[in-house]
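Have a look at the structure below, then the notes.
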Amino acid sequence: MFKSYLFFLNKFLCIEGNDQYVYGINFISKPVTGYISSDLTEQTAKELKEYLLGHRKKFSVPINFTGTTFQEQVWKALLDIPYGEVLSYKELAERIGRPKAYRAVGTAVSKNNISIIVPCHRIIKSNGEIGNYGGGSITKIELLKIENI
Numbered sequence: 000m001f002k003s004y005l006f007f008l009n010k011f012l013c014i015e016g017n018d019q020y021v022y023g024i025n026f027i028s029k030p031v032t033g034y035i036s037s038d039l040t041e042q043t044a045k046e047l048k049e050y051l052l053g054h055r056k057k058f059s060v061p062i063n064f065t066g067t068t069f070q071e072q073v074w075k076a077l078l079d080i081p082y083g084e085v086l087s088y089k090e091l092a093e094r095i096g097r098p099k100a101y102r103a104v105g106t107a108v109s110k111n112n113i114s115i116i117v118p119c120h121r122i123i124k125s126n127g128e129i130g131n132y133g134g135g136s137i138t139k140i141e142l143l144k145i146e147n148i
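Numbering (numbering that gives the first Met the number 0), first residue to last: 0 to 148.
And the structure:
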């Protein structure tokens with residue numbers, strides 16, 4: 000396993016991957032010492048920094064999901080939400096053909112381990128409230144501001 004780190008809003012983004020793909024991007028309070036980075040995790044950090052500066056809308060690094068069939072279906076649907084747009088949990092449930100499963104969709108969204116690249120921050124509540132986010136609500140608001148939402 001390789002790791003790279005990127006500092007954003009008083010937190011670190013921990014980027015985890017192997018030689019072939021990235022499988023984790025999570026917010027943490029401080030990095031682990033003695034880690035080894037790779038070209039792929041460093042490229043991911045570079046692309047994330049470009050995104051955070053407002054210079055990137057799509058990511059090119061390969062990712063790999065690890066979850067249930069339903070979770071992976073939800074995560075793939077998240078990838079289809081365009082930069083600068085938001086959906087509600089209910090709308091996402093409808094997109095995957097499970098209109099009554101919006102609570103299960105919310106749970107799957109919360110289990111996303113590839114933050115920002117798999118844009119769970121683009122999911123809001125039906126009433127327009129921001130909703131929860133693994134990196135915290137302030138981080139979610141800032142990510143949406145980057146996308147002019």
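Positions of the beta carbon are idealized from the N, C-alpha and C atoms, including for glycine.
- Excluding sequence positions up to five before and after Ser125, its CB lies within less than 6 Å of the CB of Ser87, Lys89, all in the same chain and listed in chain order.
- Counting C-beta atoms within 10 angstroms of its own C-beta, Phe58 has 16 or more neighbours from the protein chains shown and is therefore classed as buried.
- Pairwise C-beta distances place the region 2-15 in contact with the region 30-42, as three or more of them are shorter than 8 Å.
- Ranked by Cα distance from Ser36, the first of Arg97, Glu15, Val104 is Glu15.
- Apart from sequence neighbours up to five positions away, the residues of its chain that approach Gly83 with a beta-carbon distance below 7 Å are Glu146, Asn147, Ile148, ordered along the chain.
- For Gly105, the uninterrupted alpha helix (DSSP H) run begins and ends at 101-109, by DSSP.
- Spatial neighbours of Gln42 in its own chain (CB-CB distance under 7 Å, excluding positions within 5 residues in sequence) are listed in chain order as Val60.
- Lys144 and Leu12 have their C-alpha atoms spaced approximately 18 Å apart.
- In the three-state reduction of the DSSP assignment, Val31 falls in the coil class.
- In terms of Cβ geometry, Ile129 and Ile123 form a close pair [threshold 8 Å].
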